[in-house]
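Peer 1: Using this note's numbering, the letters of the sequence shown map in sequence onto residues 404 to 510. For each residue, glycine too, the CB sits at the ideal point set by N, CA and C. Being a predicted model, the structure only gives us computed values, none of them experimental.
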Amino acid sequence: MARTTFYDKDNRFTVLDRVHKYRAIKYGVDWEAKAVQTVMATANKRCGVCKVLIDMEARQPDPFSLNIDHIVPLSQGGTHTAENIQITHRICNSKKWNTERKDKTNE
Ligand SMILES: [Zn+2]
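#1: With distances taken Cα to Cα, identify the nearest neighbour of residue 493 among 416, 444, 486 and 464.
#2: I need the residues with a C-beta less than 5 Å from some heavy atom of ligand 1; please give them in chain order.
#3: For residue 449, which three-state DSSP category applies?
#4: So if DSSP puts residue 472 in a beta bridge, which residue, or which two residues, is it bridged to?
#5: Going by DSSP, what residues sit across from residue 456 in a beta bridge?
Written out as structure tokens, the structure is:
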């Protein structure tokens, strides 16, 4: 079954990278190869928002699972490059959005 490869540790980042690369192409913004892998190698598994270690074994919809965040969103001209990417917990990334939107959602 092809889907099981998604859960392979190393391949997981390749898949994440590819998904975001396609979005970058769709938005017509720059991208670089292996941007996610580069960030994973330099971020020490720490969340860019709360700086706490991210559990790489956690899976969606776990709020503390790994999330790839474009600091400037691709939809707003941000690039899919290592310097515009941070890794966060799912929950930290959604908090960021909720704060910006003054969402009624309460963690
Ligand atoms: Zn976090």
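Peer 2: So, to answer that:
#1: 464
#2: 450, 452, 453, 492 and 495
#3: strand
#4: 489
#5: 449
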